[in-house]
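Just below is one structure, and these are the notes that go with it.
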Amino acid sequence: MDPHKHHTRAEPRTHRHVSSSPSSKPHGQDLWIFAYPEMQSMADGVRQALDLADDNEEGPLVVARRGDIKWGRFPDSFPNLFIDKPHQTVRGKHLVFFASFFHPESMFAQLSGTMERVDEEGQIATAMSLARLLSSIPPLGEGPAKVLIYDIHALGERFYFGDNIIPMFETAIPLIIDKIKTAHRDENVAIAFPDEGAIKRFGGQFHEFDTILCSKVRGEGNKRIVTVKEGDAAGRHVFIIDDLVQTGGTLIECKNALIKQGAKDVSAYVTHAIFPGDSWKRFTDPTDEKPFKNFYITDSCPSVAATLQDTKPFAVLPLAEPISAFLREIA
Numbered sequence: 001m002d003p004h005k006h007h008t009r010a011e012p013r014t015h016r017h018v019s020s021s022p023s024s025k026p027h028g029q030d031l032w033i034f035a036y037p038e039m040q041s042m043a044d045g046v047r048q049a050l051d052l053a054d055d056n057e058e059g060p061l062v063v064a065r066r067g068d069i070k071w072g073r074f075p076d077s078f079p080n081l082f083i084d085k086p087h088q089t090v091r092g093k094h095l096v097f098f099a100s101f102f103h104p105e106s107m108f109a110q111l112s113g114t115m116e117r118v119d120e121e122g123q124i125a126t127a128m129s130l131a132r133l134l135s136s137i138p139p140l141g142e143g144p145a146k147v148l149i150y151d152i153h154a155l156g157e158r159f160y161f162g163d164n165i166i167p168m169f170e171t172a173i174p175l176i177i178d179k180i181k182t183a184h185r186d187e188n189v190a191i192a193f194p195d196e197g198a199i200k201r202f203g204g205q206f207h208e209f210d211t212i213l214c215s216k217v218r219g220e221g222n223k224r225i226v227t228v229k230e231g232d233a234a235g236r237h238v239f240i241i242d243d244l245v246q247t248g249g250t251l252i253e254c255k256n257a258l259i260k261q262g263a264k265d266v267s268a269y270v271t272h273a274i275f276p277g278d279s280w281k282r283f284t285d286p287t288d289e290k291p292f293k294n295f296y297i298t299d300s301c302p303s304v305a306a307t308l309q310d311t312k313p314f315a316v317l318p319l320a321e322p323i324s325a326f327l328r329e330i331a
């Protein structure tokens, strides 16, 4: 999306008719939804989900409107941002902003600007630095800003945030559970975790399924290999569950261990598909005799999700519905 074009504000919805009769739903506070350009499709999906949900959900009517930001740059490349009609879309309004932290170069534009008008020693905990930046968001009229985070990588990172904001930690695991119960309901399914950290974190959400634990052990030449530590994969369609994937080496090794134990099929799910350097191509290797049957991801990394949308074995589970449900709760 060109950040300098197509900033047309969404027109008010005309299909909705709210009368003054006692049976009408009360009108709740309007939501103005802004987004960084690469997050605009998700923001639009959430607005549409809110539209559809209003006619079926109880509670006050939530009107979601699109706010526009011009994401320009000065000649020296520093951000030059402009909010369209701030008196109408910002002042005194309930705002929602869809941020993207997928590309490092996009982070600075979203968190700062220069316009003065209107495991070893030496490693840097950059996650804490980012949490501190987010924690610097000033209090709003109704209190601290809420920051919604899906499946944070390390649970201990929740303590990195300061008191100026309220971090809201959610999980996208219900999306894959629903998918398994619908698209794979007639299959002999088991859930596998690539390490003990994953099973401690997500295992409790899969109490309806048999679980399998994989583990890395030292092999010949001090090489670490993945084996099945607990559970039985024989004859089953096994889903490997984790919060994120980078190059995918651990998932592939875990898959091979499950196939070796007799798994009929192996699929995978991660909330955050990072895949630096197009490493997702490892999962489309035509020479793999037993590839992943399905690889489910969310659109938390929009550019990756767009690339993989029509690429087998990948399938995208949108976050629009759970985010819209969260916004309805706080609206």
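Under UniProt numbering, residues 1 to 331 are what the sequence shown spells out, in order. Here a beta-carbon is modelled for each residue, glycine too, at the ideal position from N, C-alpha and C.
Do V266 and F292 have their beta-carbon atoms positioned less than 8 Å apart in this structure? On the sequence shown, position 292 is the one that residue 292 refers to. On the sequence shown, position 266 is the one that residue 266 refers to. In contact: F292 and V266 (Cβ atoms closer than 8 Å).
Helix, strand or coil for T311? Go by DSSP, reduced to three states. The count along the sequence shown starts at 1 and reaches residue 311 at position 311. DSSP places T311 in coil when its eight states are reduced to three.
Consult DSSP for Y150 and reduce its assignment to one of helix, strand or coil. By one-based count along the sequence shown, residue 150 stands at place 150. Secondary structure at Y150: strand, using DSSP grouped into helix, strand and coil.
Using only the alpha-carbon positions, how far apart do S24 and F108 sit? For the purposes of this step, residue 24 is taken as the residue at position 24 of the sequence shown. For the purposes of this step, residue 108 is taken as the residue at position 108 of the sequence shown. Legend: pLDDT at S24 = 48, less than 50; position of this residue unreliable, no value from coordinates given.
From the DSSP output, read off the bridge partner residues of residue 375. In the structure as shown, the chain starts at 1 and stops at 331, and residue 375 therefore has no counterpart that could be examined.
Looking at C-beta atoms only, is the number of pairs between the region 174–188 and the region 317–325 that lie closer than 8 Å three or more? yes
Helix, strand or coil at V304 according to DSSP, with G and I counted as helix: Here residue 304 is taken as the residue at index 304 of the sequence shown, counted from 1. In this structure, V304 counts as helix in the three-state DSSP scheme.
For G162, is the classification buried or exposed, using 16 other Cβ atoms within 10 angstroms of its Cβ as the cut-off for buried? Taking the sequence shown and counting its residues from 1, one reaches residue 162 at position 162. Burial call: exposed.
Check I330 in the structure and name its three-state DSSP category. Position 330 of the sequence shown, counted from the start, is the residue given in the question as residue 330. Residue state, collapsed to three classes: helix.
Can the beta-carbon of P313 be found closer than 8 Å to that of T250? As a working note, residue 313 is residue 313 in the sequence shown. As a working note, residue 250 is residue 250 in the sequence shown. No, the Cβ-Cβ distance between P313 and T250 is not below 8 Å.
If we count the other Cβ atoms within 10 Å of its Cβ and call it buried at 16 or more, is D299 buried or exposed? What you label residue 299 is simply residue 299 of the sequence shown in a count that begins at 1. Its Cβ being crowded by 16 or more others within 10 Å, D299 is buried.
Suppose the cutoff is 6 Å on Cβ atoms and the five residues either side in sequence are ignored; what does the same chain contact list for Y296 look like? Taking the first residue of the sequence shown as position 1, residue 296 is located at position 296. These residues qualify, in order along the chain: I176, Y269, A315, L317.
How would you call M168, buried or exposed, if buried means at least 16 neighbouring beta carbons within 10 angstroms? Position 168 of the sequence shown, counted from the first residue, corresponds to residue 168. Exposed is the call here.
If you draw a straight line from the alpha carbon of E142 to that of D30, how long is it in whole angstroms? Here the question's residue 142 lines up with position 142 in the sequence shown. Here the question's residue 30 lines up with position 30 in the sequence shown. Distance between the alpha carbons of E142 and D30: 15 Å.
Do the CB positions of A192 and V238 come within less than 8 Å of each other? If you number the sequence shown from 1, residue 192 lands on position 192. If you number the sequence shown from 1, residue 238 lands on position 238. Result yes, Cβ atoms of A192 and V238 sit closer than 8 Å.
If you follow the beta strand (DSSP E) that E170 is part of, which residue opens it and which one closes it? For this step, residue 170 is matched to residue 170 along the sequence shown. Its beta strand (DSSP E) spans residues 165–170.
Within the continuous beta strand (DSSP E) that includes R282, where are the two ends? On the sequence shown, residue 282 is found 282 positions in, with the first residue counted as 1. Element bounds for R282: n/a, residue is neither H nor E.
Short of 7 Å in beta carbon distance, which residues of its chain neighbour A257, apart from the five on each side in sequence? Order them along the chain. Sequence index remark: in the sequence shown, residue 257 carries index 257 (1-based). Here the set comprises C214, V226, T227, V228.
Since Y150 contacts A131 with CB under 8 Å, what's their CB separation in whole angstroms? Translated into positions along the sequence shown, residue 150 becomes position 150. Translated into positions along the sequence shown, residue 131 becomes position 131. Wrong, their Cβ atoms sit about 15 Å apart, outside the cutoff.
DSSP on L319, reduced to helix/strand/coil? Locating residue 319 in the sequence shown gives position 319, where the first residue counts as 1. Three-state result, L319: coil.
Can you give the Cα-Cα distance for I240 and R201, rounded to whole angstroms? Along the sequence shown, read from residue 1 onward, the residue named residue 240 stands at position 240. Along the sequence shown, read from residue 1 onward, the residue named residue 201 stands at position 201. Each residue's alpha carbon lies about 14 Å from the other.
Leaving out five residues before and five after I137 in sequence, what residues of the same chain have Cβ atoms less than 7 Å from its Cβ? Looking up residue 137 in the sequence shown gives position 137. Once the five neighbours on either side are set aside, the close Cβ partners of I137 are A145, N164, I165.
Below 6 Å CB to CB, which residues in the same chain sit around L95 once its five sequence neighbours on both sides are set aside? Numbered from its first residue, the sequence shown carries residue 95 at position 95. So the qualifying residues of the chain are W32.
Suppose the cutoff is 7 Å on Cβ atoms and the five residues either side in sequence are ignored; what does the same chain contact list for R236 look like? The residue given as residue 236 occupies position 236 in the sequence shown. Once the five neighbours on either side are set aside, the close Cβ partners of R236 are N188, V189, A190, A263, K264.
Within this structure, are the beta carbons of Q246 and I274 separated by less than 8 Å? In the sequence shown, residue 246 corresponds to position 246, counting from 1. In the sequence shown, residue 274 corresponds to position 274, counting from 1. Their beta carbons are under 8 Å apart, which means Q246 touches I274 by this criterion.
Can the beta-carbon of L50 be found less than 8 Å from the beta-carbon of S324? On the sequence shown, position 50 is the one that residue 50 refers to. On the sequence shown, position 324 is the one that residue 324 refers to. A contact, by the Cβ cut-off of 8 Å.
Secondary structure of N256, DSSP reduced to three states: Sequence index remark: in the sequence shown, residue 256 carries index 256 (1-based). N256 falls in the helix class under three-state DSSP.
Do S279 and G231 have their CB atoms nearer than 8 Å? By one-based count along the sequence shown, residue 279 stands at place 279. By one-based count along the sequence shown, residue 231 stands at place 231. No, the Cβ-Cβ distance between S279 and G231 is not below 8 Å.
Assign T271 to one of three DSSP states: helix, strand, or coil. Your numbering for residue 271 matches position 271 in the sequence shown. Strand.
Starting from F202, trace the alpha helix (DSSP H) in both directions and tell me its first and last residue. Walking along the sequence shown from the start, residue 202 turns up at place 202. Residues 196–202.
If you follow the alpha helix (DSSP H) that D30 is part of, which residue opens it and which one closes it? Your numbering for residue 30 matches position 30 in the sequence shown. Looking at the DSSP string, D30 is not in any alpha helix (DSSP H), and its letter there is neither H nor E.
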